[in-house]
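In our numbering, the protein residues as written are 106 to 403. Glycine is no exception: its CB is placed at the ideal position from the N, C-alpha and C atoms. Quick caveat: nothing in here was measured; it's all calculated off a predicted structure.
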DNA sequence: GCAGTCG
DNA sequence: CGACTGCAACGCTCA
DNA sequence: TGAGCG
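Here it is in structure tokens:
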């Protein structure tokens, strides 16, 4: 435990149904830090904080608090996509690099860090593209089908993809990229992929944002690929009963995985084994060749 | 969790 | 002094 | 023009 991150009220209960305290949360983030930090280092962070526990309302925080210690790295980024000749609002985000950073945020009641898909200093060129698979029901069949078929489609396009639980009900499929394309281009590409997948399974999946038009189909959400958008960080704890966590999964685990399987209390089992996302950075590719293949699919 | 503001 | 209040905000689609 | 949606 580091002297520079004093934990205030470590026995304060943040998950009433589970008895998980703030001290437990800090210990969790310190335990997963060796796995988590390489995946989130350099990414601007939005904090989802519940200082009074998940039973009370939480809030999102982008702008670093004025009281945050100066050893927390920051990056200032435009609030929104740059527009010509308009006044540009800016936000100064925290950037996690060390276990102390995670511990400090946890002490602030940050249960879930949400991270950008790009890293400083190259924040306008994402190094990841993400597909959020949002199930319409408790039935895991469509969710598993979506993940597996998306994995297959991306493979056809020559893109490596990595699976993680969202920590909530769904799954995230992450494609590592060589940071080259602009955020908008990545988003456009992800839309095309999602629509191609939905076209292959029109009765099961949709890219339709409106619930009324989904007709019970699983939602392929690519919205997280937009500028200044975030996803729940790998190994992030979610503010839900059971203190579930978002964990990297091996593709071979897909058919056995169930929502809520991995929690603050069970994470040690996974830390004892190699990380399923080992090699994710080495697998990064550019989108241009994949774009040609996608166009050829018709 | 904390700083700022209100009464 | 204690009580109260922020702490995000993009782009899309449809009423 | 505004609200739901993520």
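Check: How many Å lie between residue 181 and residue 194 at the Cα?; Outcome: 10 Å
Check: Would you mind reading off the limits of the alpha helix (DSSP H) that contains residue 296?; Outcome: 288-305
Check: What residue range is occupied by the uninterrupted alpha helix (DSSP H) comprising residue 254?; Outcome: 245-261
Check: Apply the 10 Å Cβ neighbour rule to residue 113 and answer buried if 16 or more other Cβ atoms are within range, or exposed otherwise.; Outcome: exposed
Check: Between which two residues does the beta strand (DSSP E) harbouring residue 216 extend?; Outcome: 215-220
Check: In chain order, what residues of the same chain lie with their CB nearer than 8 Å to the CB of residue 159, ignoring the 5 residues before and after it?; Outcome: 119, 120, 121, 216, 344, 345, 346
Check: Under 7 Å: does the beta carbon of residue 155 sit that close to some heavy atom of the ligand FAD?; Outcome: Absence of the ligand FAD from the depicted structure is noted, as is the absence of any ligand whatsoever, leaving it without description.
Check: Is it buried or exposed for residue 357, if we count other Cβ within 10 angstroms and need 16 for buried?; Outcome: exposed
Check: Express the C-alpha separation of residue 232 and residue 333 in angstroms, rounding to a whole number.; Outcome: 14 Å
Check: If you count every other CB in all the chains shown that lies within 10 Å of the CB of residue 164, and 16 or more means buried, which is it?; Outcome: exposed
Check: Which word fits residue 351, buried or exposed, when buried means at least 16 other C-beta atoms lie within 10 angstroms of its C-beta?; Outcome: buried
Check: Please work out which residues of its chain come closer than 7 Å, Cβ to Cβ, to residue 117, disregarding the five sequence neighbours upstream and downstream, and give them in chain order.; Outcome: 126, 127
Check: Assign residue 127 to one of three DSSP states: helix, strand, or coil.; Outcome: helix
Check: Can you give me the C-alpha to C-alpha distance between residue 370 and residue 342, rounded to a whole angstrom?; Outcome: 11 Å
Check: Measure the alpha-carbon distance for residue 368 versus residue 293 and round it to whole angstroms.; Outcome: 34 Å
Check: Is the beta carbon of residue 297 sitting closer than 8 Å to the one on residue 312?; Outcome: no
Check: Just reading off the alpha helix (DSSP H) that residue 394 is part of, what are its end residues?; Outcome: 393-402
Check: Here's a check: name, in chain order, each residue in its chain whose Cβ is nearer than 6 Å to the Cβ of residue 188, leaving out the five neighbours to either side.; Outcome: In this prediction, residue 188 has a pLDDT of 49, which is less than 50 and means its spatial position is unreliable; what the coordinates show is noted afterwards. Nothing listed; no residue qualifies.
Check: Kindly indicate which three-state DSSP category residue 137 falls into: helix, strand or coil?; Outcome: helix
Check: Assuming the contact rule is C-beta atoms closer than 8 Å, residue 226 and residue 152 should be a hit. Round their C-beta distance to whole Å, please.; Outcome: Actually they are not in contact, since the Cβ atoms of residue 226 and residue 152 sit about 21 Å apart, beyond 8 Å.
Check: Measuring alpha carbon to alpha carbon, tell me which of 309, 349, 387 ends up nearest residue 364.; Outcome: 349
Check: Skipping 5 residues on each side, what residues in its chain have a beta carbon closer than 7 Å to that of residue 230?; Outcome: 223, 284, 285, 286, 287
Check: Is residue 317 buried or exposed, if buried means 16 or more other CB atoms sit within 10 Å of its CB?; Outcome: exposed
Check: Can you give me the C-alpha to C-alpha distance between residue 270 and residue 184, rounded to a whole angstrom?; Outcome: 28 Å
Check: What are the start and end residues of each continuous beta strand (DSSP E) run of 3 or more residues lying completely inside the region 302-384, in chain order?; Outcome: 323-326
Check: Within its chain, find whatever has a CB closer than 7 Å to the CB of residue 262; leave out the 5 residues flanking it on each side and keep chain order.; Outcome: 395, 398, 399
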